[in-house]
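Peer 1: Numbering (this note's numbering), first residue to last: 454 to 714.
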Amino acid sequence: MNLDAPPFSSFCNEGLELAYFDDGEPAGEPVLLIHGFASSASVNWVYPGWLRTLGDAGYRVIALDNRGHGASAKPHDPEAYHPSSMAGDAAALLTHLGIADAHVMGYSMGARISAFLAIEHPDRVRSLVFGGLGIGMCDGVGDWDPIADALLAPSLDDVDHERGRMFRAFADQTKSDRLALAACIRTSRDLVRREDIAKVEIPALIGVGTKDDIAGSPHALAELMPRAIALDIPNRDHMLAVGDRVFKKAALDFYSELEAH
454 MNLDAPPFSS FCNEGLELAY FDDGEPAGEP VLLIHGFASS ASVNWVYPGW
504 LRTLGDAGYR VIALDNRGHG ASAKPHDPEA YHPSSMAGDA AALLTHLGIA
554 DAHVMGYSMG ARISAFLAIE HPDRVRSLVF GGLGIGMCDG VGDWDPIADA
604 LLAPSLDDVD HERGRMFRAF ADQTKSDRLA LAACIRTSRD LVRREDIAKV
654 EIPALIGVGT KDDIAGSPHA LAELMPRAIA LDIPNRDHML AVGDRVFKKA
704 ALDFYSELEA H
């Protein structure tokens, strides 16, 4: 299985240079992938096999490195990281590529960004797949300030908060800009209002691991949305659900069902 990252290009939005890839089947229906916090387009979508899965199924696969991540610009100002701004980056990428609308799939923070994209730019979104985030996008996902502290600590040895250690180790492993990530974590958790997500009539699939202690219930979120279905990803936690074969099969089935109608 070839899991090498494809070539990346870049475009500018709000004065920031942002990296992306445009791969898969050029004539296929476009799927825009939006990665999670402290991850990147490659870490979230290429290495777990999503690019291969979607490309082999005939889709055009587009993914960006969110601001603060991967090869994109990394401002250290928390005001740069509101989900609304990052959703604007995603919409700007579609415009840059001359794509009117796309299927949009986001994981964790990327699911939150995808929700803001659907609320604020609904004409750009054909369908939604939320992974790793359920009702937590509306109700919050716990206290994340210790994660910012963990990212700013001198070393991993100085961090004793369990979730903080997990994200600090992940950031170190991906050689991330920890100041940018600490800024991002402070403002990227803006909540999606229940009344706003309830008006999103775009078809949606919401997949969350049954051992995920961050996301919140996918079923509670699906109940709010007019055309959403919930998926339990068996025996997977927040970090491992993303590449799960159950999740991939459900997403492909979801897209096939949309095409059939």
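Think of the CB as a built atom: it goes at the ideal place given N, C-alpha and C, for glycine as much as any other residue.
If I follow the unbroken beta strand (DSSP E) through Y473, where does it start and stop?
Peer 2: Sequence index remark: in the sequence shown, residue 473 carries index 20 (1-based). Start and end: 469 to 477.
Peer 1: For the beta strand (DSSP E) containing P483, list its first residue and its last residue.
Peer 2: Here residue 483 is taken as the residue at index 30 of the sequence shown, counted from 1. Run containing P483: 483 to 487, per the beta strand (DSSP E) assignment.
Peer 1: In chain order, what residues of the same chain lie with their CB nearer than 7 Å to the CB of A601, ignoring the 5 residues before and after it?
Peer 2: Counting from 1 along the sequence shown, the entry for residue 601 is found at position 148. A635, I638, R639.
Peer 1: What do you reckon, is the C-beta of L604 under 8 Å from a heavy atom of the ligand FAD?
Peer 2: For the ligand FAD, the structure offers nothing, since it holds no ligand at all.
Peer 1: Go through the stretch 611 to 682 residue by residue and report every complete run of the alpha helix (DSSP H) that reaches 4 residues or more, in order.
Peer 2: The qualifying runs are 615 to 626, 631 to 640, 647 to 650, 671 to 677.
Peer 1: How long is the line joining the alpha carbons of S463 and A544, rounded to whole angstroms?
Peer 2: Locating residue 463 in the sequence shown gives position 10, counting from the first residue. Locating residue 544 in the sequence shown gives position 91, counting from the first residue. In a straight line, the C-alpha of S463 is about 14 Å away from that of A544.
Peer 1: Is the stretch 500 to 515 touching the stretch 578 to 591 in the sense that three or more CB pairs, one from each, lie closer than 8 Å?
Peer 2: Flag = no, the stretch 578 to 591 and the stretch 500 to 515 do not touch.
Peer 1: Taking the alpha carbon of V653 as the reference point, which residue from A568, S608, P607 has its own alpha carbon closest?
Peer 2: Taking the sequence shown and counting its residues from 1, the one referred to as residue 653 is at position 200. When only C-alpha atoms are compared, the closest one is A568.
Peer 1: Determine the closest residue to K529 out of G521, P536, H535, with distance taken between C-alpha atoms.
Peer 2: As a first step, residue 529 must be located in the sequence shown, where it is residue number 76. Note that residue 529 corresponds to His in the displayed sequence, not to Lys. Taking only the C-alpha atoms, the option nearest H529 is G521.
Peer 1: To which residues does DSSP link F464 through a beta bridge?
Peer 2: For the purposes of this step, residue 464 is identified with residue 11 of the sequence shown, where counting begins at 1. In DSSP, F464 forms a bridge with L471.
Peer 1: For D554 and D576, which I take to be in contact (beta-carbon distance under 8 Å), what is that distance rounded to the nearest angstrom?
Peer 2: Here the question's residue 554 lines up with position 101 in the sequence shown. Here the question's residue 576 lines up with position 123 in the sequence shown. Yes, they are in contact, since the Cβ atoms of D554 and D576 sit about 6 Å apart, within 8 Å.
Peer 1: Beta carbon of V594, beta carbon of L586: below 9 Å?
Peer 2: Working through the sequence shown from its first residue, we reach residue 594 at position 141. Working through the sequence shown from its first residue, we reach residue 586 at position 133. Yes, these two residues count as a Cβ contact at 9 Å.
Peer 1: Report buried or exposed for L609, applying the criterion of at least 16 other Cβ atoms within 10 angstroms of its Cβ.
Peer 2: In the sequence shown, the residue the question calls residue 609 occupies position 156. Exposed, because fewer than 16 other Cβ atoms sit within 10 Å of the Cβ of L609.
Peer 1: For R547 and V514, what's the separation of their Cα atoms in angstroms?
Peer 2: Your numbering for residue 547 matches position 94 in the sequence shown. Your numbering for residue 514 matches position 61 in the sequence shown. Checking the displayed sequence, the identity of residue 547 turns out to be Leu instead of Arg. Their Cα atoms are separated by approximately 12 Å.
Peer 1: State buried or exposed for K527, treating a residue as buried only when at least 16 other CB atoms are found within 10 Å of its CB.
Peer 2: The residue you call residue 527 lines up with position 74 of the sequence shown. It counts as buried.
Peer 1: May I ask you to report which of helix, strand or coil DSSP gives D518?
Peer 2: For the purposes of this step, residue 518 is taken as residue 65 along the sequence shown, with counting starting at 1. It is coil, neither helix nor strand.
Peer 1: From K628 to D643, what does the alpha carbon distance come to, in whole angstroms?
Peer 2: As a working mapping, residue 628 is identified with position 175 in the sequence shown. As a working mapping, residue 643 is identified with position 190 in the sequence shown. About 26 Å.
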